[in-house]
Ligand SMILES: *Cc1c(COP(=O)(O)O)cnc(C)c1O
């Protein structure tokens, strides 16, 4: 029987129900520590900022706080979780391409240290609201460095059509933004941010972005205290993915940063990075119970008790995963299966051509590397209940998010007349 940090999968399903999202806490801890310990420089301060959109809950935030990591949030909802968890406001970065006034006010009221500004309109809003609330806040400006990094390759060409940030070519507009910020007593310009993509397996795209950002800082010639180089570090979903190990990635980036800054004769106080997926991705497992198998003309389907509602990534962008049958983990693979969810969509297939032992009803199917953008993107489609989330560590288990129930789903099903 396959175990996660010393706990057998059948025990987990028997005690916590099925389907289930399980995190190996040791793996999360190792990743956070690896980033915090290796992303260090003698030249500038460093800060590891976890992108909480990958997976957030109170237990996760408590862990990050203990390990001296910071977080970023991209919405009022993510900020609300952080506030409920008492996450220190001076370690929160607020992102997003269309922050609502009420979200900005919420961030200011909670004394969030830093807002990452997307565009000129947002400068005006943040300045107006900080003035109104008389609340100091630091800001970074998000720059589009026009390095588009994909999984393996990157294209350092003009990609002016990203919805995020302001193109680094628009120097005059960026200077206007800084001038507007400087004119406000409550808002302090601290520096620039860039984020070039996600599930990036090689270092080249990051190196290109670092060079371009440092070159940009030199050209624009303003004092920059903080440079935030974003996240996007890849994980292993299948054997095709060979991510650069975290320690080597961090050391490579630090070296590139130190060299680029020295060459350009620029000093910054602090460099931030923002890993999301690579902190929680490989630590997460999805456990399902097999209902039936079904033979069609060319395929054999395995029907599981979850699917696109708890993991939209295969349907959304053809994401690839690997799986095993936990109770047959010592048996040889004999056949390829389509791992099909229970949602009413033909596209609800989690894995194509999974090579497995003979699969039968009540087998336990475990999907790997589902810890990032799995639960956080989950929905109630077909009114499925979102699974419970369990942390396991050295033979012990604890629930960190309860399973949804039909009753909790009905909480918002409230009828009333609206006075117009
Ligand atoms: C999503 C995001 C990240 C994290 O990306 P990962 O691929 O999960 O590492 C970091 N910074 C910003 C601004 C993001 O939007």
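In the UniProt record's numbering, the protein residues as written are 1 to 420. Even for Gly, the Cβ is constructed at its ideal location relative to N, Cα and C.
Under the three-state DSSP convention, the category residue i falls into
i           : result
residue 95  : coil
residue 216 : helix
residue 205 : helix
residue 352 : strand
residue 409 : helix
residue 397 : strand
residue 149 : strand
residue 322 : coil
residue 158 : With a pLDDT of 43 at residue 158, under the threshold of 50, the predicted position of this residue should be treated as unreliable, though the coordinate-derived value follows. Residue 158: coil per DSSP, three-state reduction.
residue 338 : strand
residue 127 : helix
residue 100 : coil
residue 289 : strand
residue 252 : helix
residue 346 : coil
residue 167 : strand
residue 421 : Lying outside 1 to 420, the shown extent of the chain, residue 421 is not represented and no answer is given.
residue 366 : strand
residue 42  : coil
residue 210 : helix
residue 284 : strand
residue 419 : coil
residue 241 : coil
Exposure of residue i, with buried meaning 16 or more beta-carbon neighbours within 10 Å
i           : result
residue 240 : exposed
residue 422 : The chain is shown only over 1 to 420; residue 422 falls outside these bounds and no answer can be derived.
residue 383 : exposed
residue 77  : exposed
residue 416 : exposed
residue 410 : exposed
residue 99  : buried
residue 414 : exposed
residue 326 : buried
residue 42  : exposed
residue 269 : exposed
residue 72  : buried
residue 212 : buried
Residues bridged to residue i [DSSP beta-bridge criterion]
i           : result
residue 70  : 49
residue 24  : 392
residue 312 : Paired residues: none, contrary to the question.
residue 273 : 48
residue 8   : 3
residue 172 : Note: residue 172 sits in no beta bridge, so no partner.
residue 294 : 301
residue 233 : 200
residue 188 : 138
residue 227 : 192 and 271
residue 143 : 166
Residue-level contact to chain C via CB, residue i, 7 Å cutoff
i           : result
residue 387 : In the structure shown, chain C cannot be found, because there is only a single protein chain.
message: Could you check whether the region 170-190 touches the region 200-212, counting it as contact only if at least three pairs of C-beta atoms, one from each stretch, sit closer than 8 Å?
response: No, they do not touch.
- prompt: If you pair each beta-carbon of the region 326-337 with each one of the region 392-406, do three or more pairs fall below 8 Å?
  reply: Note that the region 326-337 does not touch the region 392-406; fewer than 3 beta-carbon pairs, one per stretch, sit closer than 8 Å.
- request: Determine contact between the region 313-329 and the region 81-88, defined as no fewer than three beta-carbon pairs at a distance below 8 Å.
  value: The region 313-329 vs the region 81-88: no contact.
- prompt: Can you find at least 3 beta carbon pairs, one from the region 361-378 and one from the region 276-293, that sit closer than 8 Å?
  reply: Touching, yes, given that three or more Cβ pairs across the two stretches are closer than 8 Å.
- prompt: Below 8 Å, can you find three or more Cβ-Cβ pairs linking the region 262-280 to the region 48-55?
  reply: Yes, they touch.
task: State whether the region 213-228 contacts the region 335-349, with contact taken as three or more CB pairs (one from each stretch) at a distance under 8 Å.
output: Contact fails: fewer than three Cβ-Cβ distances are below 8 Å.
- request: Evaluate the contact criterion for the region 120-133 versus the region 93-111: three or more CB pairs, one atom per stretch, below 8 Å.
  value: Yes: at least three Cβ pairs fall under 8 Å.
message: I'd like to know if the region 133-145 and the region 185-197 are in contact, where contact means that at least 3 CB-CB pairs between them fall below 8 Å.
response: Contact holds between the region 133-145 and the region 185-197, because three or more Cβ pairs, one in each stretch, are under 8 Å apart.
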